[in-house]
Amino acid sequence: MSEHIENDKAFPGLTVNSGIEQPPMVNPYLKKRVRRVQYSTDEFVAGILRGDVSVLSQAVTLVESTNPDHYRQAQEVVEKCLPHAGRSVRIGITGVPGAGKSTFIEALGMELVNQGHKLAVLAIDPSSERSRGSILGDKTRMEELSTAPTAFIRPSPSSGSLGGVARKTRETIVLCEAAGFDTVFVETVGVGQSETAVHSMVDFFLLIQLAGTGDELQGIKRGIMEMADGIAINKCDGNNTEKSQLAARQFRNALHLFPKPESGWDPQVLTCSAFHKIGIPEVWKMINDYIAFTKGNGYFDEKRHRQSKYWMYETINQTLQNSFYHNPTIETMLEAYERQLADNSISSFVAAKKLLDLYFSAH
4 MSEHIENDKA FPGLTVNSGI EQPPMVNPYL KKRVRRVQYS TDEFVAGILR
54 GDVSVLSQAV TLVESTNPDH YRQAQEVVEK CLPHAGRSVR IGITGVPGAG
104 KSTFIEALGM ELVNQGHKLA VLAIDPSSER SRGSILGDKT RMEELSTAPT
154 AFIRPSPSSG SLGGVARKTR ETIVLCEAAG FDTVFVETVG VGQSETAVHS
204 MVDFFLLIQL AGTGDELQGI KRGIMEMADG IAINKCDGNN TEKSQLAARQ
254 FRNALHLFPK PESGWDPQVL TCSAFHKIGI PEVWKMINDY IAFTKGNGYF
304 DEKRHRQSKY WMYETINQTL QNSFYHNPTI ETMLEAYERQ LADNSISSFV
354 AAKKLLDLYF SAH
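Now the structure itself:
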């Protein structure tokens with residue numbers, strides 16, 4: 004620091020003391036951040052197959068990355084893990100916000116862990132619009148399950164994708180199965196369009212409901228009801244017991260009005276209290292009964308084949324969309340056509356056709 008001008012002889016009446024020595028800007032006791040080890044594809048696969056949760060977590064991060072280099076390696080890892088996957092039971096869990104999904108997942112999860120199962124929970128968090136990061140943090144809401152050695156909880160930000168479903172969840176399921184997890188839960192953020200995507204990647208779709216919300220009197224969100232293989236009325240305890248049992252009867256009556264599902268299974272309605280751990284074993288028995296029933300009539304395998312085909316087309320659509328919007332020529336022309344649309348000098352349909360013609364002519 005330069006000398007204070009006040010200490011110059013020209014200012015005999017002024018003196019500025021030097022003061023105390025200031026500490027360094029960087030804390031000398033601060034440890035350097037240890038960078039994660041960058042694994043090769045074979046190292047990722049070997050780590051996943053031996054059930055190393057740390058390697059699995061990094062592989063899931065790789066799958067979720069939007070970096071093109073990461074995407075290529077992630078596809079290689081998923082492809083090599085695929086022969087070791089497919090041997091788990093995949094369960095989708097949905098319900099309106101406040102239905103107690105996280106508490107229910109922890110209660111059912113602990114039931115399975117105590118029975119000797121290995122459980123992976125993929126909780127799709129709604130994303131922050133600013134940072135695109137998770138804002139709920141399911142691990143903080145499943146304290147007991149998150150410390151269980153045979154449980155793996157992975158909250159994934161939905162990144163603004165349709166209905167809050169992480170686009171890479173299905174690939175993450177493959178990695179978890181290859182790591183030896185025999186049961187996979189996929190939790191959605193709430194009732195919405197995300198259910199369609201989750202339904203297309205799970206074997207059993209469970210709807211968590213509450214009594215007294217009015218849903219049973221408004222057609223009970225028919226689309227979600229038709230997808231559900233089972234319904235659990237949560238918070239059936241204390242003063243709410245009678246209301247929950249009444250709601251269960253109303254839901255059962257409503258289900259009789261729907262066409263019989265392709266599986267041939269009649270969806271069941273059960274009551275439970277996740278907080279008090281009441282009725283949880285019965286829900287797990289219902290899921291097991293469904294799996295045994297659909298494996299017996301061939302629907303289980305047929306549904307999985309159909310899901311694989313669905314995700315092949317979804318991947319094609321996503322790849323084509325990315326290729327189109329990341330094309331440098333298209334990026335430039337998009338701005339020009341947006342200005343023309345604002346001036347009403349071109350219609351939306353003509354602009355779209357011109358852009359598509361330009362894209363396909365370059366390919």
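Residues 4 to 366 in this note's numbering are what the sequence shown lists, from first letter to last. Ideal Cβ placement from N, Cα and C applies to all residues, glycine included. Being a predicted model, the structure only gives us computed values, none of them experimental.
- A direct Cα-Cα distance of roughly 10 Å separates serine 91 from valine 205.
- In this structure, the beta-carbon distance from alanine 110 to glutamate 190 does not fall below 7 Å.
- Per DSSP, glutamate 190 is one residue of the beta strand (DSSP E) stretching across 186 to 190.
- Leaving aside the five residues that flank valine 187 on each side, the residues in its chain whose CB is nearer than 6 Å to its CB run, in chain order, Ser91, Arg93, Ala123, Ile176 and Cys179.
- Our two residues, glutamine 78 and tyrosine 293, have alpha carbons roughly 32 Å apart in a direct line.
- Counting the other CB atoms within 10 Å of its CB gives threonine 150 a total below 16, which places it among the exposed residues.
- In this chain, the alpha helix (DSSP H) harbouring leucine 65 covers 56 to 67.
- When secondary structure is reduced to three states using DSSP, phenylalanine 208 falls in the strand class.
- Beyond the five residues adjoining it in sequence on each side, lysine 121 comes within less than 6 Å, by CB distance, of Thr153, Gly183, Phe184 and Asp185 in the same chain, given in chain order.
- Sixteen is the threshold: when 16 or more other Cβ atoms of the shown chains lie within 10 Å of the Cβ of valine 63, as they do, the residue is buried.
- Taking a 10 Å sphere around the C-beta of arginine 309, we find fewer than 16 other C-beta atoms and assign the residue as exposed.
- In chain order, Thr297 and Tyr302 place their CB closer than 6 Å to the CB of serine 266, counting only its own chain and leaving out the 5 sequence neighbours on each side.
- Here threonine 322 carries a helix assignment [DSSP, helix/strand/coil].
- Membership of arginine 93 in the beta strand (DSSP E) is indicated by the continuous run 92 to 98.
- Fully enclosed beta strand (DSSP E) runs of no fewer than 3 residues occupy 233 to 236 of the segment 224 to 261, in order along the chain.
- Buried is the label assigned to lysine 104, since at least 16 other Cβ atoms lie within 10 Å of its Cβ.
- Contact annotation: alanine 257 and isoleucine 236 have beta-carbon atoms that are not nearer than 7 Å.
- At a cut-off of 4 residues, the continuous stretches assigned as alpha helix (DSSP H) that sit fully inside the segment 302 to 352 are 302 to 328 and 331 to 345.
- Residue state for proline 158 is assigned as strand, using DSSP reduced to three classes.
- For arginine 252, the number of other beta carbons within 10 angstroms of its own is below 16, and it is reported as exposed.
- Of the candidates Leu358, Tyr74, Asn243 and Val99, the residue whose Cα lies closest to the Cα of tyrosine 340 is Leu358.
- Pairing histidine 279 with aspartate 240, the inter-Cα distance amounts to about 8 Å.
- Per DSSP, the beta-bridge partners of isoleucine 127 are Ser159.
- Shown here, glutamine 271 sits in a strand according to DSSP, grouped into three states.
- DSSP, reduced to helix, strand and coil, places serine 276 within a strand of the structure shown.
- Counting the other CB atoms within 10 Å of its CB gives leucine 65 a total of 16 or more, which places it among the buried residues.
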